[in-house]
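Inspection log for the structure reproduced underneath, given as structure tokens.
Number of protein chains: 2
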Amino acid sequence: MAGEHLLIVDDEDNLRSMLAAALRHNGFVVSAACNGREALKAMGGPPHPDLVVLDVMMPDLDGFEVCRRMRADGDGTPVLFLTARDSITDKVRGLTLGGDDYLQKPFSLEELVARANAILRRVGQAAGDRSVLSYHDLEMDDDAHRVTRGDRELSLSPTEYNLLRYLLVNQGRVVSKAQVLDHVWQYDYGGDGGIVETYIGYLRKKVDTTAPRLITTVRGVGYTLRVSPAP
Amino acid sequence: MAGEHLLIVDDEDNLRSMLAAALRHNGFVVSAACNGREALKAMGGPPHPDLVVLDVMMPDLDGFEVCRRMRADGDGTPVLFLTARDSITDKVRGLTLGGDDYLQKPFSLEELVARANAILRRVGQAAGDRSVLSYHDLEMDDDAHRVTRGDRELSLSPTEYNLLRYLLVNQGRVVSKAQVLDHVWQYDYGGDGGIVETYIGYLRKKVDTTAPRLITTVRGVGYTLRVSPAP
DNA sequence: GCGGATTCTCGGACAACTCTCAACAACGGG
DNA sequence: CCCGTTGTTGAGAGTTGTCCGAGAATCCGC
């Protein structure tokens with residue numbers, strides 16, 4: 002993955018800068034635009050993005066219109082749409098056709114990163130990475146949504162799956178409960194870190210049934226993947 | 002399949018760009034033209050397409066006329082006509098004799114892709130792709146329109162067949178209900194994902210009568226083909 | 001047209017999942 | 001070693017996603 006270029010288009014300042022920061026942190030080169038016209042202008046000149054993250058609900062031109070005009074110019078750059086929860090699905094449907102995709106607000110940052118990578122993987126041969134993450138004898142295939150420890154296949158709930166992916170992506174680094182909350186849970190989630198403890202517990206019950214234990218607590222700091230002997 | 006070249010001719014902007022995106026996503030190299038004259042111009046110079054997807058109803062020259070002039074120039078490139086539901090089928094039928102084919106609007110994208118591949122296969126352009134898809138002991142011969150599980154032959158309704166083909170084409174990947182809806186149902190279908198659940202149910206009743214079960218639900222994500230033990 | 005196959009909608013049953021809370025265990029500094 | 005802090009665990013309430021069957025509407029071949 003050699004720094005793919007993303008263009009983020011959203012009129013909410015907070016969200017836009019939050020997304021930009023998160024995506025930069027994940028190795029992308031990020032530009033931003035705060036409305037449809039700016040977006041189209043940015044698409045005109047270099048650097049041309051490899052993927053556009055496009056809010057549907059915007060004051061001047063909505064996301065669909067921006068996309069339509071891009072396509073009319075012969076621009077086939079893939080688009081990841083951001084839609085409100087109960088937005089009219091008719092219009093949203095038909096978007097997953099050309100390798101485009103969409104995400105319902107509110108989403109989690111990890112989900113955004115995962116989708117972005119999936120699109121880039123699928124569309125270009127860019128980021129020729131396979132979609133497989135692994136640590137020790139633990140493997141996760143993101144396309145097939147399959148997780149195995151050794152030969153055993155694990156059955157994880159959606160949240161458990163996302164949490165484990167976050168740990169895998171950040172292997173070698175200790176992540177705090179606050180970080181987990183920010184990246185794995187929806188960005189408007191109101192609760193405290195207690196729920197992370199609960200889900201770490203769920204994960205351990207499924208992942209760490211065999212020695213060595215992989216999910217390690219760093220007291221006072223957070224969690225990380227590390228080989229450690231059974232207690 | 003080494004990127005066969007398609008020319009799409011349709012005057013509706015939305016539909017044309019949607020088809021172009023979908024076909025590109027399926028590995029074709031796609032050009033587009035928005036009326037009959039442009040189409041003929043595009044047929045003149047390189048790159049010469051291996052197949053023309055040609056809307057019948059167009060303002061200047063209709064699809065029949067475009068095809069007639071191509072043939073008059075000694076151009077035998079196969080044509081896949083797109084026709085309105087109740088257009089005069091006699092005239093269309095006569096054209097399918099020479100290896101051409103037609104599709105009634107509105108169609109599903111999978112159908113378009115399948116027809117395009119079938120024509121290219123028949124004409125001999127396509128790299129020797131067999132038309133057989135398989136997973137585990139499940140086989141689908143697209144040319145013969147035959148599906149077998151082990152030795153047992155399955156009798157599927159048209160929609161069931163298309164759904165199963167979509168699962169087979171995307172084996173190793175989880176497909177969401179929205180993706181299924183976009184690709185298997187007609188592009189103007191207005192309903193929600195509930196119908197996918199129903200048809201998955203129908204399919205399971207025919208395909209997964211014997212262990213192991215192949216059609217697997219990934220809760221909160223979608224469906225995929227995966228060997229999994231009976232419940 | 002008639003009858004069977006097919007498509008599609010709907011709502012209830014059920015299971016899986018999310019999240020909260022509170023009791024309990026482990027740790028570490030004084 | 002004791003006590004406050006931090007992490008772990010289990011039970012349970014409420015929500016969500018999926019499956020299934022019944023039935024209306026439509027299509028198609030005979």
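Sequence order for the protein chains is A and B. To get our numbering, take the position in the first sequence, counting from 1, and add 1. To get our numbering, take the position in the second sequence, counting from 1, and add 1. For glycine and all other residues, C-beta sits at the position ideal for the given N, C-alpha and C.
TODO: Go ahead and label Asp51 (chain A) buried or exposed: buried means 16 or more other beta carbons lie within 10 angstroms of its beta carbon, across all protein chains shown.
DONE: buried
Task: Short CB-CB distance (under 8 Å) between Arg72 (chain A) and chain B - done: yes
- [ ] Please look up how many angstroms separate the CB atoms of Val114 (chain B) and Phe82 (chain B), rounded, as I've assumed it's under 8 Å.
- [x] With 8 Å as the limit, Val114 (chain B) and Phe82 (chain B) do not qualify as a contact, their Cβ atoms being about 16 Å apart.
TODO: Spell out whether any CB of chain B is found under 8 Å from the CB atom of Ala34 (chain A).
DONE: no
- [ ] For the beta strand (DSSP E) containing Val133 (chain B), list its first residue and its last residue.
- [x] Val133 to Tyr136
Open item on the list: Just checking: is the beta-carbon of Leu52 (chain A) within a distance shorter than 8 Å of some beta-carbon in chain B?
Closed with: no
TODO: Identify every residue that forms a DSSP beta bridge with Arg150 (chain B).
DONE: B:Leu139 and B:Arg153
Task: Residue from B:Val10, B:Asp144, B:Ala22 and B:Arg25 whose Cα sits closest to the Cα of Arg116 (chain B) - done: B:Asp144
Open item on the list: Pairs of beta-carbons, one from the segment 211-226 of chain A and one from the segment 178-191 of chain A, closer than 8 Å: are there three or more?
Closed with: yes
- [ ] Examine chain B for any beta-carbon lying closer than 8 Å to the beta-carbon of Thr78 (chain A), and answer yes or no.
- [x] no
Task: Bridge partner(s) assigned by DSSP for Gly223 (chain B) - done: B:Val219
- [ ] Report yes or no: is there a C-beta of chain A within less than 8 Å of the C-beta of Ala179 (chain B)?
- [x] yes
- [ ] Measure the C-alpha to C-alpha separation of Gln187 (chain A) and Leu8 (chain B) and round it to an integer number of angstroms.
- [x] 43 Å
TODO: Report the partner residues of Thr84 (chain A) according to the DSSP bridge assignment.
DONE: A:Gln105
Open item on the list: Please report whether the beta-carbon of Ala115 (chain A) lies at a distance below 8 Å from any beta-carbon of chain B.
Closed with: no
Open item on the list: At the level of alpha carbons, what is the spacing between Arg131 (chain B) and Asp142 (chain B)?
Closed with: 9 Å
Task: Identified DSSP bridge partners for His6 (chain A) - done: A:Val30
Open item on the list: Suppose you measure from the CA of Asp288 (chain A) to the CA of Thr199 (chain B); what does that come to, to the nearest Å?
Closed with: Outside the shown range of chain A, which is 2 to 232, sits residue 288 (chain A), and nothing can be said about it.
Task: Distance between Leu98 (chain A) and Ala23 (chain A) (C-alpha atoms, nearest Å) - done: 27 Å
TODO: Would you identify the three-state DSSP class for Arg174 (chain B), choosing helix, strand or coil?
DONE: coil
Open item on the list: Let's see if you can read the secondary structure: which residues bound the alpha helix (DSSP H) around Val124 (chain B)?
Closed with: Leu110 to Val124
Task: Beta-carbon separation (whole angstroms), Leu215 (chain A) vs Leu139 (chain A), contact threshold 8 Å - done: 6 Å
Task: Helix, strand or coil at Ser229 (chain A) according to DSSP, with G and I counted as helix - done: strand
- [ ] Per DSSP, which residues does Asp56 (chain B) bridge with? Please list them.
- [x] B:Leu83
- [ ] Could you tell me how far apart the beta carbons of Glu154 (chain A) and Leu204 (chain A) are, in whole angstroms, since I believe they sit closer than 8 Å?
- [x] About 15 Å; that fails the 8 Å criterion.
Open item on the list: Using beta carbons (cut-off 8 Å, strictly below), is Ser18 (chain B) in contact with chain A?
Closed with: yes
- [ ] Grab me the residues of His137 (chain A)'s own chain with a C-beta within less than 7 Å of its C-beta, minus the 5 sequence neighbours each way, in chain order.
- [x] Leu215 and Val228
TODO: Please name the residues in the segment 98-112 of chain A whose beta-carbon is closer than 7 Å to at least one beta-carbon of chain B, in chain order.
DONE: Leu98, Gly99 and Gly100
Open item on the list: Just checking: is the beta-carbon of Ile40 (chain A) within a distance shorter than 8 Å of some beta-carbon in chain B?
Closed with: For the record, residue 40 (chain A) in the displayed sequence is Ala; it is not Ile. Not an interface residue.
Task: Cys68 (chain B) - containing alpha helix (DSSP H), residue span - done: Gly64 to Ala73
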